[in-house]
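Structure, as structure tokens:
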Amino acid sequence: MRIAYRQHCQSVLLRSQWFAGLPEALQNMILELSMLRLVEEGHVLIAEDSLPTSFFLLLEGQVAITRRIGSQNEFFYHLGGPGFCFGEIGLLNGKETVITATARTPVRTLILPLTNFRSIIESNPEYYEHFSRLMEMRYAILMRNLAQSRGLSLEEYLRVRLADISDMIHAEGGENETVELALTQYDLAQMIGASRQTVNAILHKLVKDELVELSFRKIRILDPDRLRSDRRKAI
Numbered sequence: 171m172r173i174a175y176r177q178h179c180q181s182v183l184l185r186s187q188w189f190a191g192l193p194e195a196l197q198n199m200i201l202e203l204s205m206l207r208l209v210e211e212g213h214v215l216i217a218e219d220s221l222p223t224s225f226f227l228l229l230e231g232q233v234a235i236t237r238r239i240g241s242q243n244e245f246f247y248h249l250g251g252p253g254f255c256f257g258e259i260g261l262l263n264g265k266e267t268v269i270t271a272t273a274r275t276p277v278r279t280l281i282l283p284l285t286n287f288r289s290i291i292e293s294n295p296e297y298y299e300h301f302s303r304l305m306e307m308r309y310a311i312l313m314r315n316l317a318q319s320r321g322l323s324l325e326e327y328l329r330v331r332l333a334d335i336s337d338m339i340h341a342e343g344g345e346n347e348t349v350e351l352a353l354t355q356y357d358l359a360q361m362i363g364a365s366r367q368t369v370n371a372i373l374h375k376l377v378k379d380e381l382v383e384l385s386f387r388k389i390r391i392l393d394p395d396r397l398r399s400d401r402r403k404a405i
């Protein structure tokens with residue numbers, strides 16, 4: 171990787187709270203041992219139930235994280251933007267992957283192959299904890315989402331999930347005040363366990379309240395703080 175572009179990659183990833191918290195030596199190892207890849211919208215980066223092959227560090231675009239439920243349904247877990255790092259769970263436990271990661275837009279990503287990941291950990295065992303911490307962060311978010319899905323109305327839950335995804339993209343490296351999410355109403359229906367008709371009605375209410383804007387296969391989050399603070403009005 172050319173030095174100038176490596177510096178660009180590092181500047182993007184340093185806006186990620188997880189990557190910025192790594193020792194500088196580990197940051198440099200990841201950048202040195204990773205490959206740059208461009209993928210088209212719709213490309214599957216990780217297929218659930220497959221053997222792990224790589225760790226991904228997203229530089230441009232958005233990636234959807236999903237999991238099949240039964241033969242036809244799907245749980246929509248997260249939409250990651252620039253700075254989103256994923257794929258660590260399979261690399262850490264050596265078992266089949268539990269999620270599918272799909273490019274929702276054209277994507278530019280760094281890929282750290284499994285062999286290079288192992289060489290980092292084997293030569294520097296103390297770095298294992300940094301990747302395990304990322305996995306623990308995922309678990310905490312999943313548990314919070316599970317609790318919210320049981321305790322909130324559908325409208326409240328959708329408000330919170332949209333605000334959470336917006337905040338996570340900001341934490342992963344987003345710079346703009348408003349976040350545009352490559353999400354469809356079908357995605358949101360799968361996310362909260364509702365029909366598309368119900369999601370459509372909720373979204374139009376949020377548009378009326380000037381909390382979101384809708385366009386083809388996209389949702390712009392205008393005010394994530396109000397999405398949370400105003401959710402009690404949905405009761």
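In our numbering, the protein residues as written are 171 to 405.
Note that beta-carbon positions come from the ideal geometry of N, C-alpha and C, so glycine has one too.
Check the Cα spacing between Gly-231 and each of Ile-389, Ser-186 and Glu-211: the tightest is with Glu-211. Rounded to whole angstroms, the gap between the alpha carbons of Glu-380 and Ile-362 is 21 Å. The beta-bridge partner set that DSSP reports for Gly-191 is empty. Taking C-beta separations shorter than 6 Å and ignoring five residues to either side along the sequence, the partners of Ile-239 in its chain run Phe-245, following chain order.
In the DSSP assignment, Phe-301 falls outside any beta strand (DSSP E) and lies within the alpha helix (DSSP H) extending over 298-321. One alpha carbon belongs to Asn-370, the other to Arg-176, and they sit about 42 Å apart. For Ile-335 and Met-313, the gap between their C-alpha atoms comes out near 15 Å. Taking a contact to require three or more Cβ pairs closer than 8 Å, the stretch 286-302 and the stretch 319-337 do not qualify as touching. Contact between the stretch 348-360 and the stretch 371-391 is present: three or more C-beta pairs spanning the two stretches fall below 8 Å.
For Asp-393, the closest alpha carbon among the candidates His-340, Ala-364, Gln-360 and Arg-366 is that of His-340. In this structure, the straight-line span from the alpha carbon of Leu-228 to that of Thr-270 is close to 15 Å. Residue burial annotation: Asn-263 is exposed, with fewer than 16 other C-beta atoms found within 10 angstroms of its C-beta.
Following the DSSP letters along the chain, one finds Glu-292 in no beta strand (DSSP E) but inside the alpha helix (DSSP H) bounded by residues 284-293. Per DSSP, reduced to three states, the secondary structure at Ser-204 is coil, with no helix or strand assignment.
Relative to Glu-325, the option among Ser-220, Arg-366 and Val-209 whose CA is nearest is Arg-366. The distance from the Cβ of Phe-287 to that of Phe-226 is about 11 Å, inconsistent with a contact at the 8 Å cut-off.
For Ser-399, the uninterrupted alpha helix (DSSP H) run begins and ends at 394-399, by DSSP. Judged by DSSP secondary structure, Lys-388 falls within the beta strand (DSSP E) whose first and last residues are 388-391. Leu-221 is positioned such that its CB atom lies closer than 8 Å to that of Glu-266.
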